[in-house]
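The next block holds one structure in the form of structure tokens; read it before the comments.
Protein chains: 2
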Amino acid sequence: MPDLGPLTTALGYDYQNQALLAEALSHRSAGSTNYERLEFLGDGLLNFVIAAALYRMHPELDEGSLSRLRASLVRESTLADIARDIRLGDHLLMGQGELRSGGFDRDSILSDVVESLIGACYIEAGFAPAEALVLRLFDTRLHNLPEAQALKDPKTQLQEWLQGQKLERPVYEVIGKEGKAHELQFTVSCVVASPAKTVQATASSRRKAEQTAAADMLQQLIDDAL
Amino acid sequence: MPDLGPLTTALGYDYQNQALLAEALSHRSAGSTNYERLEFLGDGLLNFVIAAALYRMHPELDEGSLSRLRASLVRESTLADIARDIRLGDHLLMGQGELRSGGFDRDSILSDVVESLIGACYIEAGFAPAEALVLRLFDTRLHNLPEAQALKDPKTQLQEWLQGQKLERPVYEVIGKEGKAHELQFTVSCVVASPAKTVQATASSRRKAEQTAAADMLQQLIDDAL
Chain A
0 MPDLGPLTTA LGYDYQNQAL LAEALSHRSA GSTNYERLEF LGDGLLNFVI
50 AAALYRMHPE LDEGSLSRLR ASLVRESTLA DIARDIRLGD HLLMGQGELR
100 SGGFDRDSIL SDVVESLIGA CYIEAGFAPA EALVLRLFDT RLHNLPEAQA
150 LKDPKTQLQE WLQGQKLERP VYEVIGKEGK AHELQFTVSC VVASPAKTVQ
200 ATASSRRKAE QTAAADMLQQ LIDDAL
Chain B
0 MPDLGPLTTA LGYDYQNQAL LAEALSHRSA GSTNYERLEF LGDGLLNFVI
50 AAALYRMHPE LDEGSLSRLR ASLVRESTLA DIARDIRLGD HLLMGQGELR
100 SGGFDRDSIL SDVVESLIGA CYIEAGFAPA EALVLRLFDT RLHNLPEAQA
150 LKDPKTQLQE WLQGQKLERP VYEVIGKEGK AHELQFTVSC VVASPAKTVQ
200 ATASSRRKAE QTAAADMLQQ LIDDAL
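Chains as they are written, first to last, in numbering that gives the first Met the number 0: chain A, 0 to 225; chain B, 0 to 225.
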């Protein structure tokens, strides 16, 4: 294992139990004692600590916005970015095959290990130090959140924009279905009564087609309003 | 509000902040200050505390089994059962319409309020008392867990049973599709080479049909083996 000093510094936490730390850093390909149970534990702790931080920092946000913000923070790609920031890949323990295929830089593995390290901290030190570790790792991101509005799906954004203008809700209708059963393409229309406007979109599911149509409609309405 | 004494006794926790408690007990139909933010928080805490309890109680279980056990404990119907055990419905604050339509006994609302009460405890008292509250509410269920095996889906159960008998994997094939696009019925065959056996099942998705066929196949193999 390379020198753990830089990792300890980056995490701001010094693991006492070296066997537990090795478990947290071990991919399945390294053997039967690996990070998977600790990852399960750390995932739960991470989700809760981020939820609690958002709850306290944003008394003005409703539960849907809090939930979307949390999802954006704890998703795999964000965790993998954090792992790369602290050069976690240098410390992973994995089998030769997994190493050769680039596992040390794979998003799914890097994000798992961020969680397993959080879980290991909780196991040896308890809730408060593990919470502090999460808040350190996410400090910058918690203070630079995306606008809650931008995380809403296009249909919700469109409906809220129309409500804000005291306009009627849009009407969606499936106006075409083409292709064989397993490759059906749905064409959907989205109609707004006032200002009278219709857009269409085609996608592999009704839901996707509606979302695409809604995004297009909202963009057109905003452009018209400028 | 009816006397909160029985609820306090059932929870084993006495809320100090009455405004916070009222918020935790208030359905959306009662007004804009309602339990939804606290529910978001309590859901996260509940998931983590149950994960940590299962992790500690079951060092022999892998992450998949832990995850299935947690899902069985925190699902809506289990939370609603717990809510009924402590007669939570008597204390819900909701609008007239929601009351008349039976909202005080609806699984979705009852389970939400179990979570919001956990969230409120955390907000006013911190992690340790909220953790203790969760462990009290789930004490019986944590000590009477379903067999991890029984929570696996039928395809996994069938495959593991065949592996245990050193037999080959089953082969699934879609052998029929009927009906219009939005009401397609899939018929799937599940074939085991040795002992030679075929079963079929029909359902609204390929996945469901496969699971039904697998469950049927496993039952037949076990019956034959007896």
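Beta carbons: idealized from backbone N, C-alpha and C, even for Gly.
Only a predicted model underlies this, so the values are computations on that prediction, with no experimental measurement involved.
Inter-residue Cα distance where the pair is residue i and residue j
i	j	result
A:P226	A:Q15	Absent from the model: residue 226 of chain A. The displayed extent of chain A is 0 to 225, so no value can be given.
A:I221	A:K207	21 Å
A:A50	B:E177	45 Å
B:Y34	B:R105	15 Å
A:G43	A:R99	31 Å
B:A200	B:Q156	17 Å
A:E209	A:K179	20 Å
B:F39	B:E114	8 Å
B:Y54	A:L45	15 Å
A:K196	A:V190	6 Å
B:V73	B:L24	19 Å
A:H142	A:L10	18 Å
A:A18	A:H181	50 Å
A:L136	A:A224	41 Å
A:L161	A:A213	11 Å
A:E59	B:A29	19 Å
A:R140	B:V198	53 Å
A:L87	B:D89	52 Å
A:Q218	A:V48	36 Å
A:R27	B:E97	50 Å
A:M290	B:G175	There is simply no residue 290 of chain A to check, as chain A begins at 0 and stops at 225 in what is shown.
B:V112	A:I117	29 Å
A:I81	A:K165	43 Å
A:K154	B:Y12	42 Å
A:I122	B:A192	46 Å
B:L134	B:F126	12 Å
A:Q158	A:G94	51 Å
Range covered by the beta strand (DSSP E) that runs through residue i
i	result
A:K196	196-202
B:S188	184-191
A:G175	170-177
Alpha helix (DSSP H) segment containing residue i, residue limits
i	result
B:E62	62-73
B:G43	35-56
B:I85	Counting along the chain, B:I85 falls outside any alpha helix (DSSP H), and DSSP gives it neither H nor E.
A:K207	205-224
B:T139	138-141
B:G163	153-163
Where residue i meets chain B, residues with beta-carbon distance less than 8 Å
i	result
A:F47	G43, L44, N46, F47
A:Y171	Those within 8 Å of A:Y171 in chain B number zero; the least Cβ separation is about 15 Å.
Under 8 Å from the C-beta of residue i: neighbouring residues of chain A
i	result
B:S66	F39
B:E35	D61, E62
B:A180	K176, A180, L183
B:A82	Per Cβ cutoff of 8 Å: no residues; B:A82 is ~19 Å from chain A at best.
Within chain B, partners of residue i - CB distance below 7 Å
i	result
A:F126	F126
Coil, strand or helix - residue i by DSSP
i	result
B:S115	helix
B:S92	Rather than Ser, the amino acid found at residue 92 of chain B in this sequence is Leu. B:L92: strand per DSSP, three-state reduction.
B:S100	coil
A:S28	helix
B:R135	helix
B:Q17	helix
B:D2	coil
B:Y121	helix
A:P145	coil
A:L166	coil
A:E59	coil
Within chain A, partners of residue i - CB distance below 7 Å
i	result
B:A50	F39, L40, G43
Contact belief for residue i with residue j at Cβ below 8 Å, rounded distance in angstroms
i	j	result
A:L78	A:L109	7 Å
B:E75	B:S107	6 Å
A:V187	A:E167	A:V187 to A:E167, Cβ: 18 Å. No contact.
A:R36	B:E146	About 19 Å separates the two Cβ atoms, so there is no contact after all.
A:L68	A:L144	6 Å
A:A119	A:L3	Contact flag wrong, Cβ pair sits at about 13 Å.
Proximal chain A residues relative to residue i, where beta-carbon distance stays under 9 Å
i	result
B:Y14	Residues of chain A passing the Cβ test: none, with the nearest at roughly 18 Å.
Min CB distance residue i to chain C below 9 Å
i	result
A:V113	Considering every chain present, this structure includes no chain C. Its protein chains are A and B.
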